[in-house]
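2 protein chains.
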Amino acid sequence: MKRSLFLSAALFAAAALQAQTSDSTFIRRLSDEILTNGTAYENLRQLTKGIGPRLSGSPGMVKSEQWGATALKAAGADRVWMQECLVPHWVRGGKDLLRAEHFVSPGGKNRKGSVRNLNVLALGNTKGSGSALRAPVLVVSDFADLDRQKDSVKGRIVFFNYKFNPRFVHTFEAYRDASVYRSQGPVRAARYGATAVVVRSMSHSTDNHPHTGGTAWGDTVKTVPSMALGLRDADWLAAAASNGTVWATFKTGGRFLPDTIGHNVIGELRGTEFPDSIITIGGHLDSWDPAEGAHDDGAGIVHTIEVLRAFKALGYQPRHTIRFVLFANEENGLRGGRKYAEEAVAKGEKHLLALESDAGGFTPRGFGFSGTDAQWEKFRSWQPLVAPYGASDWKRGGGGADIGPLNTALKTPVVGFIPDSQRYFDVHHAANDVFELVNKRELELGAVNMAALIYLVDKYGL
Amino acid sequence: MKRSLFLSAALFAAAALQAQTSDSTFIRRLSDEILTNGTAYENLRQLTKGIGPRLSGSPGMVKSEQWGATALKAAGADRVWMQECLVPHWVRGGKDLLRAEHFVSPGGKNRKGSVRNLNVLALGNTKGSGSALRAPVLVVSDFADLDRQKDSVKGRIVFFNYKFNPRFVHTFEAYRDASVYRSQGPVRAARYGATAVVVRSMSHSTDNHPHTGGTAWGDTVKTVPSMALGLRDADWLAAAASNGTVWATFKTGGRFLPDTIGHNVIGELRGTEFPDSIITIGGHLDSWDPAEGAHDDGAGIVHTIEVLRAFKALGYQPRHTIRFVLFANEENGLRGGRKYAEEAVAKGEKHLLALESDAGGFTPRGFGFSGTDAQWEKFRSWQPLVAPYGASDWKRGGGGADIGPLNTALKTPVVGFIPDSQRYFDVHHAANDVFELVNKRELELGAVNMAALIYLVDKYGL
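Chains as they are written, first to last, in UniProt numbering: chain A, 1 to 462; chain B, 1 to 462.
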């Protein structure tokens, strides 16, 4: 009895060791395939240089959907389809303008101010100013400062000069901290009668690119026209206002056209053992209008396609069904992610796990996991197999905007790919989010780590 | 008795916890100081944009030594001095040339070849070709291929087309694998009577910059003139040679002038408790001549100065003496590192640990340690205190070229700072190793992690 137990234990240990060896060998092959024959970089070139900006409703959106379907087929999907959803259709409506006039009043006399055109981008979803408006600028450092100065807000252009805090080592924490001024600043200033709002860009870049992004909107939202300001100009504006008075001419033509039709573009590898159990991997196809959307989120798109290509190149036949999803409308509506979850619920689909890449094409650092304790224990046991490829930091919490609705609706565990975050907010939602600032190796390694993770989930379940 | 033992244990645990808390608090303050008030980026701008290339013997070397002494004083060193050493003085001697003529011979007839000027840089330390030489090109894939084709080598320009292997996740492994063709290729080809050597650049960049670097030389070394070729041109040359014949005109004016005087620039904070026990932190001041040397090794220089500045800004008084060393002549002689070790031996100095940053100003990944088992056990116990700042991967093995002689001479444990390696060989020893390709945050975080480590070594010894 004892001896057979011992033998069983030994056999089990041997089997476990063999499984581990075979897993590490297969992950090594995935890595070699992607680092040697990878197409993620060339795909990204096509998406960014060939198509460019692709905000929901734009011609770029339509082109990128067609390109995505073709790319998923070329990578070897068993089938590819378009999942239709209505998407908002916001347009910038021409070049945004913020022209500042700086009046210094030595000896009490107002003299002609010096004039400066500042580097701005209207916030996404903002309503337009109609014709240009002109008003004095009120600088506030944060919401508490706004409340303190509430009696001075009426008729002014409020400038939220809230700094992106450099003390946060992980830049997404600084973003969480600061981005409320972009989403809620215009609403909060509107309550006190502001004419318009300017926000300091959410970035610690060393350049002057303005960084746009969605602001709160809707029929019931009382807000004012708003725009983001480049960092150097933000510093100039704050200094000018503290040394005299600044008036500004403010103009944006932002407006909504009627909702239009967009699509999640979905490729599938059908599972050999559990075809009804679905693993999702994805990123989002849309980008803000002034940018090529190379890191946000061209990288997630080509990561997703590359994982599919590598599986097919190695002849891997998944046990579960794997869906490679290029989500629609993450930036200003999340309609794609919602549609995907709605349909999953309506069809009674079973979803094992969803993984999203939407933090850029930078060197891999880890994965963030949202799921139960038991799922986490199993999930994190795979860390030693993936860590040698860069994503060594596995932590709880995380996922992705597009897969959030699936998590909410079906309690599907969700995972966010975490690349290094230091350069992300240099380019996020700005005109310099371009192909040239993506490194080929860093991009490819993202696909390596994601492929390894999907392979392990497929093999061992969760 | 039992109770007092329990109390002692509890007190010990409480003290340990308090120490840990106070350590993490101080490291947090170092991080805040560097990320908020850091001068590393501005220092790097001065060193790269203000001075530029600074190969041993060049005017840039002299300027950078003076700049370094001033910067160390400004950062708050108790004293700063120049440690003199003789350095080699190699000069490129004008623009390097490799002009290829490609002959295709359809039907056996030799027709006029198409001519192409290739993007090259002579290897550092190479001897010149005198006037231009012209010879047929022989492509070899590696040393084994050279040996197989040895009877065809005489009178030819041998082109080592050895590929930088993309399968290595850590690019320094690809470099170790490939760089032997730069150091030894000309010597090996000379044995078979080659006229000159061209090596494929050690890089997996997507551009065509040639990457230079030192090749073996000396009075007793039989070698031939040599240069490095950009990757796109390397692919072109290999394709052309396999489809016809290539002749090339090869010219470089590389030569040595007499050795000249260089200096290690050293700043010191004197220890309050153990002034005779020395901790060294450093990088190297020299760079190859076609580059600003921003990542290699401007980053290591400004990391070093920034650690000093942050300590002083926080009023930190070290227990041990800390030396901040800007080493001379790493690239083509290592005379600075050797001099530093020689003098340490001659003066009977006691060295506790040496840390070098010479792998670029990229986002921190870890530290590599060379020392005894006991030292390693103590060293690695600090990992949890530093990991939150990015350098989470602590491994055995590593150090730095400039601190290697100290390790050899005195068995001083040595540590290499390990930033992410994916982009390093895109710029290494090439004209695009410029300030613009260094990210401010990534650079600063390097200094944060190094400062934390030096603080812990100083506090706990080794």
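C-beta: ideal position from N, C-alpha, C; glycine also.
List the residues of chain A that residue i touches, going by C-beta distances under 7 Å, in chain order.
i, result
"LEU35/B", "PRO166 and ARG167"
"THR206/B", "LYS440"
Which one of the options has the shortest CA to CA distance from residue i?
i, options, result
"GLY371/B", "GLY399/B, ASP289/B, LEU445/B and PHE164/B", "GLY399/B"
"LEU231/B", "GLY254/B, ALA196/B, SER201/B and PRO166/B", "SER201/B"
"PRO53/A", "HIS284/A, ALA354/A and SER31/A", "HIS284/A"
"PRO186/B", "HIS209/B, VAL199/B and ARG270/B", "VAL199/B"
"ASP393/B", "HIS170/B, ASN43/B, SER64/B and LEU334/B", "HIS170/B"
"VAL427/A", "GLY298/A, LEU17/A and THR195/A", "GLY298/A"
"TYR181/A", "HIS102/A, ASN161/A and VAL325/A", "ASN161/A"
"residue 468/B", "ALA189/B, GLU173/B, GLY113/B and ALA132/B", "No information on residue 468/B is available, as it lies outside the stretch 1 to 462 that chain B covers here."
"GLY315/B", "GLU33/B, GLN20/B and TRP288/B", "GLU33/B"
Mind pulling the chain A residues with CB within less than 8 Å of residue i?
i, result
"GLY390/B", "VAL169"
"residue 494/B", "The question about residue 494/B has no answer, for chain B in this structure spans 1 to 462."
"ASN439/B", "GLN422, ARG423 and ASP426"
"HIS295/B", "Those within 8 Å of HIS295/B in chain A number zero; the least Cβ separation is about 13 Å."
"ASP32/B", "ARG167"
Based on the DSSP output, what are the partners of residue i in its beta bridges?
i, result
"GLY193/B", "DSSP, once it has assigned bridges, lists no residue as partnering GLY193/B."
"LYS395/B", "GLY368/B"
"ARG319/B", "For ARG319/B, which the question treats as bridged, DSSP gives no partner whatsoever."
"ASN117/B", "ARG99/B"
"GLY416/A", "GLU356/A and GLY368/A"
"GLN83/A", "ASN264/A"
"PRO136/A", "TRP247/A"
"PHE324/A", "GLY267/A and ILE281/A"
"ALA122/B", "MET227/B"
"GLY214/A", "GLY124/A"
"VAL198/B", "PHE159/B and MET227/B"
"PHE274/A", "HIS320/A"
Taking just the CA atoms, how far does residue j sit from residue i?
i, j, result
"ASN449/A", "PRO364/A", "7 Å"
"HIS320/B", "PRO413/B", "15 Å"
"ASP78/A", "ASP276/A", "15 Å"
"VAL438/A", "ILE301/A", "14 Å"
"HIS211/B", "VAL153/A", "58 Å"
"GLY93/A", "VAL265/A", "28 Å"
"LEU443/B", "GLN184/B", "33 Å"
"GLU436/B", "HIS429/B", "15 Å"
"GLY107/B", "TRP247/B", "For GLY107/B, the pLDDT reaches just 49, beneath the cut-off of 50, and the residue's location in the model is therefore unreliable, leaving the point undetermined."
"VAL91/B", "ALA240/A", "51 Å"
"LYS222/A", "ARG191/A", "8 Å"
"ARG380/A", "ASP420/A", "20 Å"
"ARG323/B", "ILE278/B", "7 Å"
"LEU462/A", "VAL434/B", "47 Å"
"SER179/B", "ALA16/B", "47 Å"
"MET1/B", "LEU385/B", "The predicted position of MET1/B is uncertain, since its pLDDT is 48 and thus under 50; a value taken from the coordinates is nonetheless stated next. About 35 Å."
"ALA102/A", "ALA122/A", "Note that residue 102/A is His in the sequence shown, not Ala. Going by the C-alpha atoms only, they are around 22 Å apart."
"PHE26/A", "ALA174/A", "38 Å"
"residue 482/A", "VAL325/A", "With chain A covering 1 to 462 only, the question about residue 482/A has no answer from this structure."
"PRO405/A", "TYR455/A", "23 Å"
"LYS378/B", "VAL345/A", "54 Å"
"SER129/B", "LYS95/B", "12 Å"
"PHE250/B", "ALA359/B", "32 Å"
"LEU229/A", "HIS263/A", "32 Å"
I want to verify the contact list: residues of chain B whose CB lies under 8 Å from the CB of residue i, in sequence order.
i, result
"THR70/A", "Here the premise fails: no neighbours, minimum Cβ distance about 24 Å."
Report the CB separation of residue i from residue j in whole angstroms; it is logged as a contact under 8 Å.
i, j, result
"PRO136/B", "ARG156/B", "5 Å"
"GLY368/A", "ILE418/A", "6 Å"
"ARG167/A", "LEU35/B", "6 Å"
"HIS295/A", "GLY361/A", "5 Å"
"HIS303/A", "ALA40/A", "7 Å"
"ASP259/B", "ASN119/B", "Contact flag wrong, Cβ pair sits at about 31 Å."
"VAL80/B", "LEU72/B", "5 Å"
"LEU55/B", "SER287/B", "7 Å"
Can you pull the chain A residues whose beta carbon is under 9 Å from the beta carbon of residue i, in chain order?
i, result
"GLU442/B", "ASP420, GLN422 and ARG423"
Under 7 Å Cβ-Cβ, which residues of chain B neighbour residue i?
i, result
"THR39/A", "Those within 7 Å of THR39/A in chain B number zero; the least Cβ separation is about 14 Å."
Quick check: is any heavy atom of the ligand SAH less than 7 Å from the C-beta of residue i?
i, result
"GLY52/B", "Ligands displayed in this structure: none; no statement on the ligand SAH is therefore possible."
Along chain B, which residues have their Cβ under 9 Å away from the Cβ of residue i?
i, result
"ASP393/A", "ALA387 and SER392"
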